[in-house]
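For reference, the structure is listed below as structure tokens.
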Amino acid sequence: GESVGLHLPTLSVQEGDNSIINCAYSNSASDYFIWYKQESGKGPQFIIDIRSNMDKRQGQRVTVLLNKTVKHLSLQIAATQPGDSAVYFCAENLDTGFQKLVFGTGTRLLVSP
Amino acid sequence: EAQVTQNPRYLITVTGKKLTVTCSQNMNHEYMSWYRQDPGLGLRQIYYSMNVEVTDKGDVPEGYKVSRKEKRNFPLILESPSPNQTSLYFCASSYLPSTDTQYFGPGTRLTVL
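Chains as they are written, first to last, in my numbering: chain A, 1 to 113; chain B, 1 to 113.
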């Protein structure tokens, strides 16, 4: 498969554990944040998003937390499964009137059976 | 099926030989964008288009051209490829003007010798 990063931070967990992936964003004026999942050989896939007027949003097995005070975003995955193994990116939308995403470099999640 | 398609998926070429990577979306999205992905650098935007005949430079446009003659297609053109353009390229699309999710294509792995 394609390598998206040779020296990515890596989080290794056991199947069934909860995973927390962190992201620091750069611009305090960013108004929209997205988490993407990228599996080997594929393009980034949308997981969940959150707008700056919220501090928490839940999806199916995933929760995103936003702390604007310290410009920090986290993705929590409940009951992590081997199929969750991938590289996870956060992206922030700079408030330029249209979508201008700035992506983080990503975290590799490895889930052991 | 809603999707973004890219062709070719893999390409090996030589310095100076013009090439085009095609991108097509079937979701009637107005906004389309090209990114390159390099180890340790994350996704960086090359060019974007807000609608037909409206294109603009992203963060790393040097050495690339684009066109948007039809809403669904957004080809990336390398007039004279160089080895530093060896990378993994992604096309993406989304609705405008809202901050909506960008949908990514499967990627094109380009190697310039």
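In this text, a Cβ means the ideal position worked out from N, Cα and C, and glycines have one as well.
Residue 31/B and residue 50/B have their C-alpha atoms roughly 5 Å apart. Between residue 45/A and chain B, the shortest Cβ-Cβ separation is below 9 Å. For residue 25/A, no beta strand (DSSP E) segment is defined, and its DSSP state is neither H nor E. Per DSSP, reduced to three states, the secondary structure at residue 17/A is coil, with no helix or strand assignment. Taking 9 Å as the CB threshold, residue 34/A lines the interface with chain B. Inclusion of residue 20/B and residue 77/B in the CB contact set at 9 Å is warranted, their separation being smaller than that value. Residue 24/A has its alpha-carbon roughly 16 Å from the corresponding atom of residue 11/A. Residue pairing by DSSP places residue 51/B opposite 54/B in a beta bridge.
Under the three-state reduction of DSSP output, residue 73/B falls in the strand class.
Residue 49/A sits in a strand when the DSSP states are folded into three classes. Listed by position along chain A, the residues whose Cβ is nearer than 7 Å to that of residue 106/B are 42, 43.
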